[in-house]
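Asks: Residue numbers for the sequence shown follow full-length UniProt numbering, beginning at 1 and rising by one. Glycine included, each C-beta is placed from N, C-alpha and C at the ideal position. My questions all concern the structure below.
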Amino acid sequence: MIRIAIIGGTGVYDPGILKNLREETINTPYGVVQCKIGEFNGQAIAFIPRHGSTHSIPPHLINYRANLWAIKKLGVENIIATTAVGSLNPAMKPGDFVLVDQFLDFTKNRITTFYEGGKRGVVHVDVTEPYCPTLRQKLLQASENTGIALHARGTYVCAEGPRFETPAEIKMFAKLGGDLVGMTNVPEVVLAREAEICYTTVSMVTNFAAGIAPNPLTHGEVLETMKANAENIKKLIMAAIGLIAGAGDCSCRHALAEYGGFKL
Numbered sequence: 001m002i003r004i005a006i007i008g009g010t011g012v013y014d015p016g017i018l019k020n021l022r023e024e025t026i027n028t029p030y031g032v033v034q035c036k037i038g039e040f041n042g043q044a045i046a047f048i049p050r051h052g053s054t055h056s057i058p059p060h061l062i063n064y065r066a067n068l069w070a071i072k073k074l075g076v077e078n079i080i081a082t083t084a085v086g087s088l089n090p091a092m093k094p095g096d097f098v099l100v101d102q103f104l105d106f107t108k109n110r111i112t113t114f115y116e117g118g119k120r121g122v123v124h125v126d127v128t129e130p131y132c133p134t135l136r137q138k139l140l141q142a143s144e145n146t147g148i149a150l151h152a153r154g155t156y157v158c159a160e161g162p163r164f165e166t167p168a169e170i171k172m173f174a175k176l177g178g179d180l181v182g183m184t185n186v187p188e189v190v191l192a193r194e195a196e197i198c199y200t201t202v203s204m205v206t207n208f209a210a211g212i213a214p215n216p217l218t219h220g221e222v223l224e225t226m227k228a229n230a231e232n233i234k235k236l237i238m239a240a241i242g243l244i245a246g247a248g249d250c251s252c253r254h255a256l257a258e259y260g261g262f263k264l
C-alpha cells in the first residue's frame, strides 16, 4: 500500500531518493496522470512532478484535481509538497526553508473544489489549519534531527502566475500578512483537505520578491537556488518519511465526516 506521496515543485522533478522506480498511468475524471512509484527504506512512495518532468506545465494550467484524485486513488494518506517561493519577509532569505501554516489566495481562474454541485453535491470544507498539524510536527522533528534549519511558520500568498508579481502587489501582500509568494499551493492544499489527505508544504525561498530584490526576477535564479539546496530538501524529506510512517490517525482524514466522507 502506498501511504506517502511527494509532489515536487520547481526544481524538484525527481526526488532522487526512490529505488525500483516505475511509471504508472492513473485515469481520473479530470484527466490522465503520470505518476512515479518507488521504494524508500521498504516503503512504497508515489511522486508527481507538479509542472511535469521538464517544467512544461505553467502554474495556472496544472491539473490539480487530476493530481489529487490520482493520489487518493493510490490510497495515499500523507503528502509532502515542495514549492519555490519569493520572500516578502526579510527574516526569510534565499536558501531558507519555510514550513508554511497559512495561505492567502489570490488566484483567479482555478477550480478549487471537487464539489461543484450536481451529483457530487456541495461541501464547505474547514481550513482553519490548512496544512496538516501532524505532518507539520513531523517535518519540524525532521529538521531538528537533521540540523537543517526550517522556519516553523509562514503565510504563503498564492498568485495566479505565470508572470512574476509587481512591486505594488508585493507591497499589498506584505500589508495583508504574507511572508512568501508562489503560484501553486492553491488549490492543491484545499483539494487535499477535501480528499481527506494529510498535506504539508516545505517552501524554499529562492529570491526576494519584486521591489525587494535588487535586480529583475528571472526563472534561472529560481532554478539555481533550488539546485544549490537540492541535497538539503532531499535529506529533510528522507528524515520526515521515517517519522510519518509511524504516525496514527489525524483529523485531516475526517475532514468531510459531516458529508459522509470523500468518495472517489
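Going by DSSP, what residue range makes up the alpha helix (DSSP H) through L68?
Replies: Note, L68: alpha helix (DSSP H), 64–73.
Asks: List the DSSP bridge partners of C198.
Replies: Partner(s): N78.
Asks: Hey, would you say V98 sits closer than 8 Å to G154, going by beta carbons?
Replies: Cβ atoms of V98 and G154: closer than 8 Å.
Asks: On the three-state DSSP scale, how would you describe A230?
Replies: In this structure, A230 counts as helix in the three-state DSSP scheme.
Asks: Does the distance from the C-beta atom of I17 to that of K227 stay below 8 Å?
Replies: No.
Asks: So, for H51: in the same chain, excluding its five sequence neighbours on each side, which residues have a beta-carbon less than 6 Å away from its beta-carbon?
Replies: Excluding residues within five positions, the ones whose Cβ falls inside 6 Å are I57.
Asks: Taking the alpha-carbon positions, what's the N215 to I45 distance?
Replies: Each residue's Cα considered, the two are about 39 Å apart.
Asks: Over what stretch of residues does the alpha helix (DSSP H) that includes I170 continue unbroken?
Replies: Run containing I170: 167–175, per the alpha helix (DSSP H) assignment.
Asks: On the three-state DSSP scale, how would you describe E224?
Replies: Note: E224 maps to helix in three-state DSSP.
Asks: Per DSSP, what kind of secondary structure is V190 in: helix, strand or coil?
Replies: Here V190 sits in helix by DSSP.
Asks: Taking M172 as the reference, which of T184, V189, N145, G211 has the closest Cα?
Replies: The shortest C-alpha separation from M172 is found at G211.
Asks: Residue ranges of each beta strand (DSSP E) run of no fewer than 3 residues wholly in the region 89–157, ordered along the chain?
Replies: Those beta strand (DSSP E) runs which fall completely within the region 89–157 and span 3+ residues are 97–99, 102–106.
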